[in-house]
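Numbering (this note's numbering), first residue to last: 712 to 1145. Where is the CB? At the ideal position from N, CA and C, for every residue including glycine. No experiment lies behind these values; they were computed from the predicted model shown. Since the structure comes first, as structure tokens, the remarks are kept for the end.
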Ligand code: GLY
Ligand code: MN
Ligand code: MN
């Protein structure tokens, strides 16, 4: 992503916090896996959004109106020996040259420098509670200034949560962000098609998962979240991630997998028959979910409320389940009583962006948020009927279906970013037969 994109974001944020303020954002810490082995590093999304800087051990400081530079990046120093063992570092020169910092200091010097930057500032904007160690460091720096207050140093007196301003910015995707999300969507689409083509009874859930790893990594993308590859009864476990079982002839396979590109996520679910042909019962449930998804996607347009797609999906699912005699009663009453939750227990979507469950408020005051161009959300209704469900004929058992796509709100309606993976029964069966 272009340097100017990050600069634009920082400038926008600085305008919002105003002169006399300071914003401080920490990078993510490295997480230990065991002994001296670390988990793969994933940058903090807020830090990434404002810097594009993908190293741990860094702190961003924005000081609007500061004469000697408004954007200061603390980061690790260049160190040939450390870099030989652990990989390259941008260093202070790189922070300035490649990441647009006005000034950069070694992270090891932050205790000496940051208190000086806090002096004379009235408001400190900070993401509170995400990294408790960093919170207490900040308090330490403030206390350091307080200790000098008798010599006339001005101590900041207002601490403001940065989350709200920053997360509202993140909710509206720029052209560059939409382009990253479309790229992530394209790669995930390829992976899902590949999975459909390769799937057959006798393979394992993990062998299908491997196809995603292959497709993502060959495009320099990575999983945006742990993939769910659940055959048969495992498709009815919402967060199933073991992906360890054999695939049985006659079962459905539910796959929820998506990659991220430049930190931007895609999030797709498809449910298809392991042997390539939906059974009659599987078809019945699948069609309800597909119709629910279509009705929900139709509701994605500027001016509609966040909850409208969910409402539409709930209506279609409730009516469909009544027709199949899985629910008994009138739609209005069953919806009011949330009877559908026995089979559809999650919501129809979430914001999508740097985080798979992205930031941004869903309500403004007590009203559901209005959809606006540039927002991206998922639409992902489902119906899940585990074995031994009370009062449910066994022909429905172990049918778990979810269909999930990523939808951009456009000025005139919406664009489905992930429409390249078939979701119509005939299209899936044709692709699988190919
Ligand atoms: N993959 C997570 C979700 O669908 O919400
Ligand atoms: Mn999702
Ligand atoms: Mn998903």
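If you draw a straight line from the C-alpha of residue 952 to the C-alpha of residue 942, how long is it?
What you label residue 952 is simply residue 241 of the chain shown in a count that begins at 1. What you label residue 942 is simply residue 231 of the chain shown in a count that begins at 1. Between residue 952 and residue 942, the C-alpha separation is close to 11 Å.
Specify, as a first and last residue, the run of the alpha helix (DSSP H) that residue 757 falls within.
Position 46 of the chain shown, counting from 1, holds the residue named residue 757. Segment 756-762, the alpha helix (DSSP H) holding residue 757.
Pull the bridge partners of residue 824 from the DSSP assignment, please.
By 1-based counting over the chain shown, the position of residue 824 is 113. Answer is none; residue 824 lacks a bridge partner.
Just confirm the distance between the C-beta atoms of residue 1114 and residue 1029, as a whole number of angstroms; I'd bet it's less than 8 Å.
Position 403 of the chain shown holds residue 1114. Position 318 of the chain shown holds residue 1029. Going by Cβ atoms, the distance from residue 1114 to residue 1029 rounds to 17 Å, so no, they are not a contact pair.
Rounded Cβ spacing between residue 923 and residue 968 (contact assumed at less than 8 Å)
The residue labelled residue 923 in the question sits at position 212 within the chain shown. The residue labelled residue 968 in the question sits at position 257 within the chain shown. With 8 Å as the limit, residue 923 and residue 968 qualify as a contact, their Cβ atoms being about 5 Å apart.
Confirm the yes/no value for this check: CB of residue 1061, any heavy atom of ligand 1, distance under 7 Å.
Sequence index remark: in the chain shown, residue 1061 carries index 350 (1-based). Residue 1061: yes, Cβ under 7 Å from ligand 1.
Along the chain, which unbroken stretches of the alpha helix (DSSP H) at least 4 residues long are found entirely within the region 886-967?
886-909 and 916-928
Burial state of residue 919 (16 or more Cβ within 10 Å):
Position 208 of the chain shown holds residue 919. That one is buried.
Segments of 4+ residues assigned as alpha helix (DSSP H) that fall wholly inside the region 1085-1144
1136-1144
Backbone CA spacing between residue 989 and residue 1136 [nearest angstrom]
In the chain shown, counting from the first residue as 1, residue 989 sits at position 278. In the chain shown, counting from the first residue as 1, residue 1136 sits at position 425. Whole-angstrom Cα-Cα distance: 8 Å.
List the endpoints of the continuous beta strand (DSSP E) containing residue 745.
Looking up residue 745 in the chain shown gives position 34. Counting along the chain, the beta strand (DSSP E) containing residue 745 begins and ends at 743-745.
Taking contact to mean at least 3 C-beta pairs separated by less than 8 Å, is the region 1086-1095 in contact with the region 1114-1125?
yes
If you count every other CB in all the chains shown that lies within 10 Å of the CB of residue 792, and 16 or more means buried, which is it?
Locating residue 792 in the chain shown gives position 81, where the first residue counts as 1. Residue 792 is exposed by the Cβ-count criterion.
Look at the Cβ atom of residue 818, then the Cβ atom of residue 769, and state whether they are nearer than 8 Å.
The count along the chain shown starts at 1 and reaches residue 818 at position 107. The count along the chain shown starts at 1 and reaches residue 769 at position 58. Taking 8 Å as the Cβ cut-off, residue 818 and residue 769 qualify as a contacting pair.
For residue 796, count neighbouring C-beta atoms within 10 Å of its own C-beta (all shown protein chains included) and say buried if the count is 16 or more, exposed if not.
Against the chain shown, residue 796 aligns to sequence position 85. That one is exposed.
Considering only heavy atoms of ligand 2, does any lie closer than 7 Å to the CB of residue 762?
The residue labelled residue 762 in the question sits at position 51 within the chain shown. It does not: the Cβ of residue 762 is nowhere closer than 7 Å to a heavy atom of ligand 2.
Please work out which residues of its chain come closer than 6 Å, Cβ to Cβ, to residue 946, disregarding the five sequence neighbours upstream and downstream, and give them in chain order.
One-based indexing of the chain shown puts residue 946 at position 235. 963, 965 and 1111, listed in sequence order.
Would the region 874-886 count as touching the region 1060-1074 if we require 3 or more Cβ pairs under 8 Å?
yes
Quick one: what's got a C-beta closer than 6 Å to residue 871's C-beta in the same chain, skipping five residues either side?
Position 160 of the chain shown, counting from 1, holds the residue named residue 871. Counting only Cβ-Cβ distances below 6 Å, and skipping sequence neighbours, we find 834 and 836.
Verify the contact flag: residue 1116, CB atom, against every heavy atom of ligand 3, threshold strictly below 7 Å.
In the chain shown, the residue the question calls residue 1116 occupies position 405. Result no, Cβ not under 7 Å from ligand 3.
If contacts are defined as beta-carbon pairs under 8 Å, then residue 912 and residue 985 qualify, I think. What distance do you get, rounded to the angstrom?
Within the chain shown, numbered from 1, the residue matching residue 912 stands at position 201. Within the chain shown, numbered from 1, the residue matching residue 985 stands at position 274. So it is a contact: roughly 5 Å between Cβ atoms.
Hey, out of 1140, 844, 719 and 856, whose CA is closest to residue 994's CA?
Within the chain shown, numbered from 1, the residue matching residue 994 stands at position 283. Selected option, being the one with the closest Cα: 1140.
Within its chain, find whatever has a CB closer than 6 Å to the CB of residue 1010; leave out the 5 residues flanking it on each side and keep chain order.
Along the chain shown, read from residue 1 onward, the residue named residue 1010 stands at position 299. So the list reads 1019, 1020 and 1023, once near-sequence residues are dropped.
Does DSSP classify residue 814 as helix, strand or coil?
To locate residue 814, count along the chain shown from 1; it is residue 103. Strand at residue 814.
Looking at the strands, I want to know which residues DSSP matches up with residue 740.
Locating residue 740 in the chain shown gives position 29, counting from the first residue. Looking at the DSSP assignment, residue 740 forms no beta bridge with any residue, so it has no partner.
So for residue 788, helix, strand or coil by DSSP?
Residue numbering aside, residue 788 sits at position 77 when the chain shown is read from its first letter. Three-state DSSP puts residue 788 in coil, outside helix and strand.
Out of 1099, 850 and 908, which has the shortest C-alpha to C-alpha gap to residue 1142?
Sequence index remark: in the chain shown, residue 1142 carries index 431 (1-based). It is 908.
Count the other CB atoms within 10 Å of the CB of residue 1075; is the residue buried (16 or more) or exposed (fewer)?
Counted from its first residue, the chain shown places residue 1075 at position 364. By the 10 Å Cβ count, residue 1075 comes out exposed.
Quick one: Cα of residue 750 to Cα of residue 902, how far?
Within the chain shown, residue 750 is the residue found at index 39, counting from 1. Within the chain shown, residue 902 is the residue found at index 191, counting from 1. Roughly 24 Å between the two C-alpha positions.
So if DSSP puts residue 976 in a beta bridge, which residue, or which two residues, is it bridged to?
Residue mapping note: residue 976 aligns to position 265 of the chain shown, counting from 1. Its beta-bridge partners are 971.
My assumption, with CB atoms under 8 Å, is that residue 874 sits in contact with residue 838. Please give the rounded CB distance.
Position 163 of the chain shown, counted from the start, is the residue given in the question as residue 874. Position 127 of the chain shown, counted from the start, is the residue given in the question as residue 838. Right, the Cβ-Cβ distance comes to about 6 Å (below 8 Å), so this counts as a contact.
For residue 760, count the other beta carbons within 10 Å of its own beta carbon; 16 or more makes it buried, fewer makes it exposed. Which is it?
Within the chain shown, numbered from 1, the residue matching residue 760 stands at position 49. Buried is the call here.
Who does residue 1074 pair with in a DSSP beta bridge?
In the chain shown, the residue the question calls residue 1074 occupies position 363. 1079, per the DSSP bridge assignment.
Can you check the region 992-1025 for any beta strand (DSSP E) of at least 3 residues that lies completely inside it and give the ranges in chain order?
none
Residue range of the alpha helix (DSSP H) that includes residue 837
Mapped onto the chain shown, residue 837 falls at position 126. Taken as a continuous stretch (DSSP letters only), residue 837 belongs to no alpha helix (DSSP H), being part of the beta strand (DSSP E) at 834-837.
Are the region 771-789 and the region 721-731 touching, with three or more C-beta to C-beta distances below 8 Å?
yes
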